[in-house]
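Residues 5 to 753, numbered by the numbering used here, are exactly what the sequence shown covers, in order.
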Amino acid sequence: MGTTVSHSGLPSGLPCQDISYDGSASVSSSSESAKILHFSSTRAKSVIANKVAPVVISYNCREEYQIHKDVFKSNYMMGRINEKMPEHFLIQGKYFLVKDNYRGMDVLNTEAAIGVANFRQARGELPVFGMGQPTLKGFQKILEMVHQQGHQEIMFFCLREEPVLFLRQGDDFIPYSPRDPENLHENLCGLFPRVSPNKLEPVIQRELLELSLLKENTYYVYNDIEHFEGDPHAVTIQKEDDVCVMEEVYKRSMFSRPALRYHRLMLCSEEVPQESHFDAFIDVMRGVSARDYFLKKAVHNLQTYFYLIVFYAYLDQQLPLGLPLTFSRWMRIHPDFYRILAQSNLSELQARPDLITKGTRVLVSDSHVSLDIMSTRRDMKVANFRRAPNQPVYGMAQPDSEGLTHLLRYLSETPRAFPVVLWVNLRDQIVLEVDGHTFSPRESEEPDRPLHIPVTSGQQIENLENDLKRELFGCKKWLEVRQDGEKHLKSTKSCLTCHDMAQWQKELFPQLQYARVPLSSSETITERELDRLTTTMQAVLDEQAQPALLFSCHDGRGKTTVAMVVTVLLLWHTNGFPADSQDVDLNIRVPDCRYSKGEFEVVQSVVRVLPAGQARKREVDEALDSVSETMTPMHYHLREIIISTYRQIRSAKSEAEAEMLKLQSLQFLERYILLILFNTYLFLEKPLAWDKPFSQWMVEVAARVGLYDIFDELGFPEFEDFQSSTLSKMRYRWQQIPSSFQPFRGQLM
């Protein structure tokens, strides 16, 4: 069989160089060039020529399109299978378009009954199916058949590396693929990743439209490369809808079947799959597995059920009164419902400890080279150690046993010599000291993202730590751990929980007391978390006049700083404020310093309704500055970080990053306002010795004056139209807790 290709030009703008090839077909030159375009006289109304291109206005002026002069340039390619066949345009200057479903391909004889060649199912009734390349109608028929078998979610994998085009023939779209003239029986191989078929298919689609225009809306394809009966066949291509690419055929079906998932994994039929191909397949299965799908759907249904119950409670309470409050307003004065909604997914509490020993999760060291930004590890044996001036309030990053011993000795020596040292652990993550170094579990694929446990008490997380401790001691193999981005193998010789560390230190320093008060986020804090912090502080302050209060979290920054500020405010209200605290003016000289001072419009709207609101804000600002004054310039304190984070949005590299920065800036703003409200609570409830919890005061007092209305319209009106963002609403913002971004590992509770 001889294959001839003649050079007569290709429409300008078609990227012939997208595919490189080493053709051996005979090439002959030709002076032929397209001079005339033929249009049906029944359609053309008028042809207007101009310097750019002829403009064709079709019958009844329903169509208007422009044909550029580049089409007439003589640089296209034409060819034929043999001398007895007509010459026609080639795809990408070289390739013939051949039908995928050739005679004899259907060895399983399924095409007549099912509509798809070689359709089969894995043995054992497993929901795994395979088939040849389907037509559009064949694909839709398979989807319907699989759905009727009871399969709600369908994941369809296209494994073809070569470009595939679907041409309209009757009421169906038939798949064709470009073939090399030297090997018409084999698909193109080795194109990906150099050339992506998802990008090449639209190029060929446009090329077919332009080339068919030169031949009275026809293009020649091959249906039988064995016997060439009737080949080449002329197919009509009049408009874009006559040619579809792979995505158009498969993804359009997702609109009528929302549970359908489509993925294209490019595998070359002539090569052994690479490790990266298996990785890509696992990534897809991990991301949209049936278990994850149904768990997410279960959480959604649970939240819907929750709202129905809450709405019924609203009707039960308000209907006898004539519905004086709208449901939205009623929800805002019952904010606990939004907090409960954020705890819909508690599956992490049921995560098995053997996820570590089986490799799904790994132990990651708490210490890394960039953690100690205050450079205190060398002297104090812990990172980011600091003290609030003139107050027995200290903060630090996660200590190990050596660092804790050094700190307790430091606090026990003269001139400090504290009779009681209360260590408050603020972490909501599992923490274990293994062979002298502290580690926490993380996903093996995301070792830089901490795992947060949605607990409401320290005892819950200590129980989980003990479970993991027993699992590690029972493991007889070496475990993979990560430290500073490097993998290491470790055998467990000693293992201590944080409670174990405190008990061991108490034998050396009897004055040590330990408390676990987990905070759920480094960016924000809840009313009930402030209750737990206050209760813990009051218990030790009532018993001892001069205790040292030592707080720690993973990095000694966000959570630790919040706890230090809360404690400083509590001590000031108990022992008296500094003499000059009411006269303090923030000495900030930076651009837009009013925002560095926390003077946002929403903050001012809160301050205006509070008794002595400006004084309460100044006290919080002084407390913030006192616990942050020893920080480096790179470490913003809780007020300055609001505007700092918001300004980063404009330089975000992606929409997802910008959305995350927007969320964080709103959380920082909400935390700042909540601290001002907490200070107001301390001031107003001091005569009653703070017998009423802060969370109760917020509902009974703050909600009545509309402060939760402000939280439900939180934003930066001085910079943007914040009401267009769902994050301004409590319902959506409060659901963005760190544990909500983690994969399902346990059972839905």
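Ideal Cβ positions, reconstructed from N, Cα and C, are used throughout, including at glycine.
* Asked: For the beta strand (DSSP E) that L670 lies in, which residues bound it at each end?
  -> First-last for L670: 659–689, but that is the alpha helix (DSSP H), not the beta strand (DSSP E).
* To do: Determine the burial state of H558: buried for a count of at least 16 other Cβ atoms within 10 Å of its Cβ, exposed for fewer.
  => buried
* Alpha-carbon to alpha-carbon, E531 and R365 -> 32 Å
* To do: Please classify G399: does DSSP put it in a helix, a strand, or coil?
  => strand
* Nearest candidate by alpha-carbon position, reference Q507, set R84, F720, Y518, T460 -> Y518
* Asked: What is the residue span of the alpha helix (DSSP H) that Q173 lies within?
  -> Element bounds for Q173: not the alpha helix (DSSP H) but the beta strand (DSSP E), 169–173.
* To do: Report the rounded CA-to-CA distance for E252 versus Q740, giving the unit in angstroms.
  => 34 Å
* Buried/exposed call for H456, threshold 16 Cβ in 10 Å -> buried
* Jot down the residue ranges of each uninterrupted beta strand (DSSP E) in the region 406–446, minimum 3 residues, whole runs only, in chain order. => 424–429, 436–438
* Asked: Taking the Cβ atom as the reference point for each residue, do M664 and L681 lie within a distance shorter than 8 Å?
  -> no
* **Identity of the residues DSSP links to G134 by a beta bridge** => R124
* Asked: Which value, in whole angstroms, describes the spacing of the CA atoms of L323 and W694?
  -> 35 Å
* **Which listed residue (Y224, G617, P697, V314) has its alpha carbon closest to that of T538** => P697
* Do you know offhand how far L375's Cα is from E484's? -> 22 Å
* To do: Could you please give the first and the last residue of the uninterrupted beta strand (DSSP E) stretch that includes C4?
  => Here the chain has residues from 5 to 753 only, and residue 4 is not among them.
* Asked: What's the call for W482, buried or exposed, on a 16-neighbour Cβ count within 10 Å?
  -> exposed
* Whose C-beta lies closer than 7 Å to the C-beta of P277 among residues of the same chain, with five residues either side of it excluded? -> L271
* Asked: Of the residues Y318, I465, V368, E279, which one's Cα is nearest the Cα of E352?
  -> I465
* To do: Count the other C-beta atoms from every protein chain shown that fall within 10 angstroms of the C-beta of F119, then say buried if there are 16 or more, exposed otherwise.
  => The displayed chain sequence assigns Gly, not Phe, to residue 119. G119 is buried by the Cβ-count criterion.
* Asked: Are the region 125–132 and the region 198–215 touching by the rule of at least three beta carbon pairs closer than 8 Å?
  -> no
* To do: Output the residue ranges of the beta strand (DSSP E) runs that lie fully inside the region 343–394 and measure 3 residues or longer, sorted by chain position.
  => 365–369
* **L271 - DSSP class collapsed to helix/strand/coil** => strand
* Return the first residue and the last residue of the beta strand (DSSP E) that C741 is part of. => Before going on, a small fix: residue 741 reads as Ile here, not Cys. Premise fails: I741 is in no beta strand (DSSP E) and is neither H nor E.
* C-alpha gap between V75 and E214, whole angstroms -> With a pLDDT of 42 at V75, under the threshold of 50, the predicted position of this residue should be treated as unreliable, though the coordinate-derived value follows. Roughly 8 Å between the two C-alpha positions.
* Asked: Helix, strand or coil: how does DSSP classify G478 here?
  -> helix
* Go to I647, then tell me how far its beta strand (DSSP E) extends in each direction, as first and last residue. => Premise fails: I647 lies in the alpha helix (DSSP H), 644–651, not in any beta strand (DSSP E).
* In chain order, what residues of the same chain lie with their CB nearer than 7 Å to the CB of M258, ignoring the 5 residues before and after it? -> L264, Y266
* Nearest to D471 (by Cα), restricted to the options L500, H92, K510 -> L500
* Member of L688, S416, A656 whose CA lies at the smallest distance from the CA of P514 -> S416
* Residues bridged to S556 [DSSP beta-bridge criterion] -> M400, N429
* Can you give the beta carbon distance from F177 to T139, rounded, assuming they're within the 8 Å contact cut? -> 6 Å
* Check K473 in the structure and name its three-state DSSP category. => helix
* Asked: What whole-angstrom Cβ distance do W427 and L516 have, given they're in contact under 8 Å?
  -> 7 Å
* To do: Measure the alpha-carbon distance for T684 versus Q156 and round it to whole angstroms.
  => 54 Å
* Asked: L188 by DSSP, collapsed to three states: which one?
  -> coil
* To do: Starting from D625, follow the alpha helix (DSSP H) in both directions and report where the run begins and ends.
  => 617–632
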